[in-house]
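Note sheet for the following structure.
Residue numbers (my numbering): 15 to 160.
Below, the structure written as structure tokens:
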């Protein structure tokens with residue numbers, strides 16, 4: 015029998031601040047937990063933590079991973095979705111844990127580790143269960159500091 019080849023992929027956990035805008039006249043659960051900014055026209059806005067997970071194609075250089083991410087975030091619908099703060103790049107191992115590496119989760123509440131060090135990740139219509147190791151964290155530069 016042949017040994018199963020360990021397939022590793024790169025997952026990127028993008029985090030930031032989402033802006034939710036809605037009429038002040040509707041009942042909104044976020045109004046109970048987050049500060050509401052009143053806008054013109056009877057609208058309210060919340061700034062709440064948000065994020066998503068993106069699968070990154072394999073590249074030889076880490077700079078290429080960041081370039082791929084930046085291209086994905088340039089799509090108008092995605093660019094306006096939130097104010098991006100960080101992107102945590104991780105190697106994902108599905109079939110066996112990495113040797114001599116510390117298991118990692120980018121967010122213990124959202125992606126808790128089980129007793130084996132695995133975490134469960136919803137990636138679109140696919141649910142992944144495996145091990146993560148931290149590769150690097152990319153900090154987005156705000157327009158204010160450029």
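The C-beta atom is built at its ideal place from N, Cα and C for all residues, glycine as well.
Taking its Cβ as the centre, do 16 or more other Cβ atoms sit within 10 Å of residue 53, making it buried, or is it exposed? Here residue 53 is exposed, its C-beta having fewer than 16 other C-beta atoms within 10 Å.
Presumed contact (8 Å Cβ cut-off) between residue 154 and residue 99, rounded CB distance: Cβ-Cβ separation between residue 154 and residue 99: approximately 6 Å, consistent with a contact (criterion under 8 Å).
By Cβ distance, which residues of its chain are closer than 7 Å to residue 69, with the 5 residues on each side in sequence left out? Excluding positions up to five away in sequence, the list reads 23, 25 and 137.
Quick one: Cα of residue 36 to Cα of residue 57, how far? Near 6 Å, if we compare the C-alpha coordinates of residue 57 and residue 36.
Presumed contact (8 Å Cβ cut-off) between residue 106 and residue 144, rounded CB distance: Sure, about 6 Å apart at Cβ, within 8 Å.
Tell me whether residue 95 sits in a helix, a strand or coil according to DSSP, three-state version. Three-state DSSP puts residue 95 in coil, outside helix and strand.
If you reduce the DSSP assignment to three classes, tell me which class residue 143 lands in. The answer is strand: DSSP assigns residue 143 an E or B state.
By the DSSP assignment, the beta strand (DSSP E) with residue 63 in it spans what residues? Where residue 63 is concerned, the enclosing beta strand (DSSP E) stretches over 57-70.
For residue 104, which three-state DSSP category applies? Three-state result, residue 104: strand.
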